[in-house]
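Chemist: Numbering (the working numbering), first residue to last: 1002 to 1211.
Where is the CB? At the ideal position from N, CA and C, for every residue including glycine.
Below, the structure is given as structure tokens:
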């Protein structure tokens, strides 16, 4: 829907430089929480990761390493946000239908099968993603799908905070210098709302911790 197109010679174009080294290529790896969430048939695994399971998402080209477009608003983002909104309004069926739109396109789990449509064409029949059993089940699966869909796009923290989830990581992703596996103080990850905005609209409440 909207992207920043980066071209050689322009300022601030090397988004891949955040995740790559000029001498060794891509070196950022997915967390041990994220990597197992990609099943072997998931098209994103090959699109986002190389054969050594390290990110190549913003690799660019061999001639212009790291020069890659940044998709700021993606169709999958809008669809999954709509699914989340439907869960919160009590429409689990509608939320599941939106969830499947992304799952089918990514072949993220289960099987895509062509079946006759009855009008001379074919429809894609997708299996192995059962209906949501509860709002909690729905949100768990939608957030997992957003986790798989948007690595390195800066959405994970806001997704977790928006849904009052605790930020955690597996012990295997911790280091001696940074041993924490749980980050419950989300106010430390939230900027304060400027008081000029609060004074302009008394319905706005300051973020927790500020």
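So what's residue 1050 in DSSP terms, helix, strand or just coil?
Modeler: One-based indexing of the chain shown puts residue 1050 at position 49. Strand.
Chemist: Report all residues from its chain with a CB closer than 7 Å to the CB of residue 1148; omit the five preceding and five following residues, and keep chain order.
Modeler: Looking up residue 1148 in the chain shown gives position 147. So the qualifying residues of the chain are 1035, 1038, 1157.
Chemist: Give the single residue among 1084, 1005, 1137, 1053 whose Cα lies nearest to the Cα of residue 1028.
Modeler: Here residue 1028 corresponds to residue number 27 of the chain shown, with the count starting at 1. Taking only the C-alpha atoms, the option nearest residue 1028 is 1053.
Chemist: If you follow the alpha helix (DSSP H) that residue 1103 is part of, which residue opens it and which one closes it?
Modeler: Here residue 1103 refers to the residue found at position 102 of the chain shown. 1093 to 1107 is the span of the alpha helix (DSSP H), which, as asked, contains residue 1103.
Chemist: Return helix, strand or coil for residue 1173, following the three-state DSSP convention.
Modeler: Within the chain shown, residue 1173 is the residue found at index 172, counting from 1. Helix, per DSSP.
Chemist: Is residue 1183 a contact residue of the ligand ATP, with contact defined as CB to any heavy atom under 6 Å?
Modeler: Because no ligand of any kind appears in the structure shown, any question about the ligand ATP cannot be addressed here.
Chemist: Just to confirm, are residue 1110 and residue 1124 a CB contact at a threshold of 7 Å?
Modeler: One-based indexing of the chain shown puts residue 1110 at position 109. One-based indexing of the chain shown puts residue 1124 at position 123. For residue 1110 and residue 1124, no; Cβs fall outside 7 Å.
Chemist: Rounded to whole angstroms, what is the Cα-Cα separation between residue 1146 and residue 1009?
Modeler: Position 145 of the chain shown holds residue 1146. Position 8 of the chain shown holds residue 1009. Distance between the alpha carbons of residue 1146 and residue 1009: 33 Å.
Chemist: Please report the distance separating the alpha-carbon of residue 1199 from that of residue 1051.
Modeler: Taking the first residue of the chain shown as 1, we reach residue 1199 at position 198. Taking the first residue of the chain shown as 1, we reach residue 1051 at position 50. Their Cα atoms are separated by approximately 47 Å.
Chemist: Are there 16 or more other CB atoms within 10 angstroms of the CB of residue 1189, so buried, or fewer, so exposed?
Modeler: Here residue 1189 corresponds to residue number 188 of the chain shown, with the count starting at 1. So residue 1189 counts as exposed.
Chemist: Apart from the five residues just before and just after residue 1210, which ones in its own chain have a Cβ nearer than 8 Å to its Cβ?
Modeler: Position 209 of the chain shown holds residue 1210. Result list for residue 1210: 1186, 1188, 1189, 1191, in chain order.
Chemist: Taking all protein chains shown into account, do 16 or more other C-beta atoms lie within 10 angstroms of the C-beta of residue 1017, making it buried, or fewer, making it exposed?
Modeler: On the chain shown, residue 1017 is found 16 positions in, with the first residue counted as 1. So residue 1017 counts as buried.
Chemist: Over the uninterrupted beta strand (DSSP E) stretch that includes residue 1071, give me the two end residues.
Modeler: What you label residue 1071 is simply residue 70 of the chain shown in a count that begins at 1. Where residue 1071 is concerned, the enclosing beta strand (DSSP E) stretches over 1071 to 1074.
Chemist: Just reading off the beta strand (DSSP E) that residue 1200 is part of, what are its end residues?
Modeler: As a first step, residue 1200 must be located in the chain shown, where it is residue number 199. Looking at the DSSP string, residue 1200 is not in any beta strand (DSSP E); the run it does join, the alpha helix (DSSP H), is 1196 to 1201.
Chemist: Would you report the Cα separation of residue 973 and residue 1170, rounded to the nearest angstrom?
Modeler: The requested residue 973 is not part of the displayed model; the chain covers only 1002 to 1211.
Chemist: Within 10 Å of its beta-carbon, does residue 1100 have 16 or more other beta-carbons around it, so buried, or fewer, so exposed?
Modeler: Against the chain shown, residue 1100 aligns to sequence position 99. Buried is the call here.
Chemist: Among all the DSSP beta bridges, which residues are the ones paired with residue 1168?
Modeler: Here residue 1168 refers to the residue found at position 167 of the chain shown. In the DSSP output, where bridge partners are listed per residue, residue 1168 has 1184.
Chemist: Compute the distance between the beta-carbons of residue 1088 and residue 1096, then report whether it is under 7 Å.
Modeler: Residue mapping note: residue 1088 aligns to position 87 of the chain shown, counting from 1. Residue mapping note: residue 1096 aligns to position 95 of the chain shown, counting from 1. In contact: residue 1088 and residue 1096 (Cβ atoms closer than 7 Å).
Chemist: Determine the closest residue to residue 1074 out of 1155, 1193, 1177, with distance taken between C-alpha atoms.
Modeler: To locate residue 1074, count along the chain shown from 1; it is residue 73. Nearest option by C-alpha distance: 1155.
Chemist: Can you have a look at residue 1014 and say buried or exposed, based on whether 16 or more other CB atoms are within 10 angstroms of its CB?
Modeler: Start at 1 with the first residue of the chain shown, and residue 1014 comes out as number 13. The residue in question, residue 1014, is buried, as its Cβ has 16 or more Cβ neighbours within 10 Å.
Chemist: To which residues of the same chain is residue 1142 closer than 8 Å at the C-beta, ignoring the five residues directly before and after it?
Modeler: Here residue 1142 is taken as the residue at index 141 of the chain shown, counted from 1. Hits under 8 Å: 1100, 1133.
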